[in-house]
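Numbering (full-length UniProt numbering), first residue to last: 1 to 233.
Where a beta carbon is used, it is the ideal one built from N, C-alpha and C, also for glycine.
Values in this document were obtained by computation on a predicted structure and should not be read as measured data.
In what follows, a single structure is set out as structure tokens and then discussed.
This is the structure in structure tokens:
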């Protein structure tokens, strides 16, 4: 799925008038795991730096070890931090008392939101504290639909297939695209804070890999999808 992540980010930025050839972006990758996306983002020509965080020390150790194979990925180009998003500010350079905390141009949250028990305060903290005005929030998650229950619970967690361990997903925590849209645009605290978002569905094709679903068919509400939104600024 990693190539589709970059394709989606490129599509979002292509709609942004402030995106110029010379512009460089600071990324924050939340829930980076072993660093597959973080490393690839750090190598992009328009990337200034990538800060990648994960609360699990074992995966951060794996990510750091892999990054050592490429000297060009040394900090500050790519920095791994073993922390939760709630404690990230304590690991960032201090700002003058009159300045806001350090913020990022692009925040990515891939395959994380469906594991969050209370997504509203989680998103509020990310977007208000760490995303620059004019910055982009890009995520991928799973929609709560009978088809996603079949594919991600009944099939993926079946021992005979062994795609993911049983209990990996909690179907009731999946978020439909329209619910995410309502949170960004209809919630009183968010009104006027975000510009029009972009949503695209993806599906796994056995033997082929991850592919975009046809647009206009509503298939983003059936399973995995990407969501991108720009903060007003």
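Reference residue i, options the options, closest by Cα
{"i": "residue 65", "options": "92, 36, 55 and 87", "result": "36"}
{"i": "residue 193", "options": "48, 137 and 67", "result": "137"}
{"i": "residue 104", "options": "39, 179, 229 and 25", "result": "25"}
{"i": "residue 200", "options": "183, 191, 206 and 226", "result": "226"}
{"i": "residue 140", "options": "220, 57 and 48", "result": "220"}
{"i": "residue 46", "options": "69, 22, 190 and 38", "result": "22"}
{"i": "residue 134", "options": "215, 211, 187 and 17", "result": "17"}
{"i": "residue 132", "options": "28, 210, 90 and 91", "result": "28"}
{"i": "residue 41", "options": "155, 57 and 73", "result": "73"}
{"i": "residue 71", "options": "56, 92, 43 and 89", "result": "43"}
{"i": "residue 82", "options": "124, 215 and 56", "result": "56"}
{"i": "residue 76", "options": "88, 87 and 92", "result": "92"}
{"i": "residue 144", "options": "163, 180, 1 and 124", "result": "180"}
Span of the alpha helix (DSSP H) around residue i
{"i": "residue 12", "result": "2-14"}
{"i": "residue 180", "result": "177-185"}
{"i": "residue 37", "result": "36-42"}
Beta carbon of residue i nearer than 8 Å to that of residue j
{"i": "residue 223", "j": "residue 158", "result": "no"}
{"i": "residue 178", "j": "residue 229", "result": "no"}
{"i": "residue 4", "j": "residue 202", "result": "yes"}
{"i": "residue 67", "j": "residue 50", "result": "no"}
{"i": "residue 94", "j": "residue 129", "result": "no"}
{"i": "residue 212", "j": "residue 1", "result": "no"}
Same chain, Cβ closer than 7 Å to residue i, five either side skipped, listed in chain order
{"i": "residue 33", "result": "54 and 59"}
{"i": "residue 113", "result": "119, 139, 141 and 175"}
{"i": "residue 151", "result": "223"}
Residues of its chain near residue i, where Cβ-Cβ distance is below 8 Å and the 5 sequence neighbours each way are ignored
{"i": "residue 242", "result": "This structure does not reach residue 242, given that the chain is present from 1 up to 233, and the question cannot be answered."}
{"i": "residue 15", "result": "198"}
{"i": "residue 153", "result": "169 and 171"}
{"i": "residue 245", "result": "With the chain covering 1 to 233 only, the question about residue 245 has no answer from this structure."}
Residues near residue i by beta carbon distance below 6 Å, same chain, minus five either side
{"i": "residue 80", "result": "52, 60, 63 and 64"}
{"i": "residue 13", "result": "19"}
{"i": "residue 116", "result": "122"}
Enclosing beta strand (DSSP E) for residue i [first to last residue]
{"i": "residue 52", "result": "47-54"}
{"i": "residue 26", "result": "25-30"}
{"i": "residue 226", "result": "224-230"}
{"i": "residue 202", "result": "198-205"}
{"i": "residue 209", "result": "209-212"}
CB contact check: residue i to chain C, cutoff 8 Å
{"i": "residue 111", "result": "Reference to chain C is not applicable here, since this structure consists of a single protein chain."}
3 or more residues per run - each beta strand (DSSP E) lying fully within the segment 107-171: 131-142
At 3 residues or longer, and completely inside the segment 59-107: list those beta strand (DSSP E) runs for me, N to C. 78-82
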